[in-house]
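Novice:
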Amino acid sequence: MEGRSRRGRGSSTTSRSAVIFIWGWRTRGSHIGDGEFYCPNEGGDRRYRLMQARRWFTLFWIPVLPLKVLGEYVECTSCDEPFERKVLDLPTTSQMADALRTALRYLVVAIIRSDEKVTNAERRVALDVMGRFHHGDYALIDLERDIAELEVDGIDEVVARAGATLSASGQERVVRACVELATADDEISDADLDIIATAGRSMGMTPAHIKGVLDEETSRGWLPPRTT
Ligand SMILES: [Zn+2]
């Protein structure tokens, strides 16, 4: 179906034997698909229309002949703002939340499993961390199931996917949450430190940045001071 006209081009007039033709070109958009995307204009998930822009030859301002396809663009159904098609490469807010939730589940399970025992202190901090990042929709039953069943192979990729959607301070919050969990039972093992380093590195943090966050947590009393 045809969408509304966009950016009409100027028309020209020619005359021959007292007959005046008014002709020109106009670009029109056709609706060729839709879906959900992150609207950068409104800063939230919205429905979009995928539009195909085509040039038309017009006679007396009426499009009469389709000319070449100029490309595709995306139009927000909420604010009507047009965007380049690559806007669809941006993850939606719900996709970002899912990626972060999955990464945190992996990290929580990896850290809790790293010392062969599960304490109530770890459970409490794990639920607190998940609730802090996810508004509390992760219950003890989910945690117990994850500890028992969740395969955390490929943790690097999962954390990297979440990290790509986070700001630098968001990435730091994830590392701090890992440190908090690793120290929940008053001891932080080398295995815990490995997981924390993997988490930071996978999100693109430099070793110096990760160490800086760890040192900050140390100074708050979370960690025993480490010299290496
Ligand atoms: Zn919008």
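Positions 1 to 228 (the UniProt record's numbering) are the ones given, in order, by the sequence shown.
Where is the CB? At the ideal position from N, CA and C, for every residue including glycine.
A quick note: this is a predicted structure, and the numbers were derived from the prediction, not measured.
So the candidates are G29, L59, S78; which of them puts its Cα closest to the Cα of F37?
Specialist: In the sequence shown, residue 37 corresponds to position 37, counting from 1. For the residues G29, L59, S78, the minimum Cα distance to F37 belongs to S78.
Novice: Measuring only from the beta carbon, is S167 closer than 7 Å to any heavy atom that is part of ligand 1?
Specialist: Here residue 167 refers to the residue found at position 167 of the sequence shown. Not so, every heavy atom of ligand 1 lies at least 7 Å from the Cβ.
Novice: Within this structure, are the beta carbons of A160 and S202 separated by less than 8 Å?
Specialist: One-based indexing of the sequence shown puts residue 160 at position 160. One-based indexing of the sequence shown puts residue 202 at position 202. Going by C-beta atoms, A160 is nearer than 8 Å to S202.
Novice: Leaving aside the five residues before and after R176 along the sequence, list all residues of the same chain whose C-beta is less than 7 Å from its C-beta, in chain order.
Specialist: The sequence position of residue 176 within the sequence shown is 176, counting from 1. Within the same chain, and ignoring the five residues on either side of R176 in sequence, the residues whose Cβ sits closer than 7 Å to its Cβ are V213, E217.
Novice: In chain order, what are the residues with a CB under 6 Å from some non-hydrogen atom of ligand 1?
Specialist: C39, N41, E42, R46, C76, S78, C79, E81
Novice: Check for me: the alpha helix (DSSP H) holding S202 runs from which residue to which?
Specialist: Within the sequence shown, numbered from 1, the residue matching residue 202 stands at position 202. First-last of the alpha helix (DSSP H) with S202: 190-202.
Novice: Mind reading off the beta-carbon distance from A110 to I155? Whole number of angstroms is fine, and I expect it under 8 Å.
Specialist: Numbered from its first residue, the sequence shown carries residue 110 at position 110. Numbered from its first residue, the sequence shown carries residue 155 at position 155. At roughly 6 Å, the Cβ-Cβ gap stays under 8 Å, so A110 and I155 are in contact.
Novice: Would you call V19 buried or exposed, if buried means 16 or more other Cβ atoms sit within 10 Å of its Cβ?
Specialist: Position 19 of the sequence shown, counting from 1, holds the residue named residue 19. In the assembly as shown, V19 is an exposed residue. Its beta-carbon has fewer than 16 other beta-carbons within 10 Å.
Novice: Quick one: which unbroken beta strand (DSSP E) runs of 3-plus residues sit fully inside the region 68-103? Chain order, please.
Specialist: Fully enclosed beta strand (DSSP E) runs of 3 or longer: 82-84.
Novice: Would you list, in sequence order, the uninterrupted alpha helix (DSSP H) runs of no fewer than 4 residues that lie entirely inside the UniProt domain "Co-chaperone DjlA N-terminal" (103-209)?
Specialist: 120-134, 140-149, 155-163, 168-182, 190-202
Novice: Verify whether the separation of the beta carbon atoms of R49 and E75 is less than 8 Å.
Specialist: Position 49 of the sequence shown, counting from 1, holds the residue named residue 49. Position 75 of the sequence shown, counting from 1, holds the residue named residue 75. In this structure, E75 lies closer than 8 Å to R49 by Cβ.
Novice: Does the beta-carbon of A133 have 16 or more other beta-carbons within 10 angstroms, so that it is buried, or is it exposed?
Specialist: As a position in the sequence shown, residue 133 is number 133, starting the count at 1. Looking at the sequence itself, residue 133 is Phe, so the reference to Ala does not match. That one is buried.
Novice: Work out the CA separation of G44 and E172 for me, nearest whole Å.
Specialist: Position 172 of the sequence shown, counting from 1, holds the residue named residue 172. Position 44 of the sequence shown, counting from 1, holds the residue named residue 44. Between E172 and G44, the C-alpha separation is close to 23 Å.
Novice: Considering Cα atoms alone, identify which of I188, D186, I210, S189 is closest to A197.
Specialist: The count along the sequence shown starts at 1 and reaches residue 197 at position 197. It is I210.
Novice: Nearest-angstrom Cα distance between T227 and L193?
Specialist: As a working note, residue 227 is residue 227 in the sequence shown. As a working note, residue 193 is residue 193 in the sequence shown. Residue placement at T227 is flagged as unreliable, the pLDDT there being 42, under the threshold of 50; a coordinate-derived value is accordingly withheld.
Novice: If we count the other Cβ atoms within 10 Å of its Cβ and call it buried at 16 or more, is S61 buried or exposed?
Specialist: For the purposes of this step, residue 61 is identified with residue 61 of the sequence shown, where counting begins at 1. The sequence as given places Trp at residue 61; Ser does not occur at that position. Around the Cβ of W61, a 10 Å sphere holds fewer than 16 other Cβ atoms; the residue is exposed.
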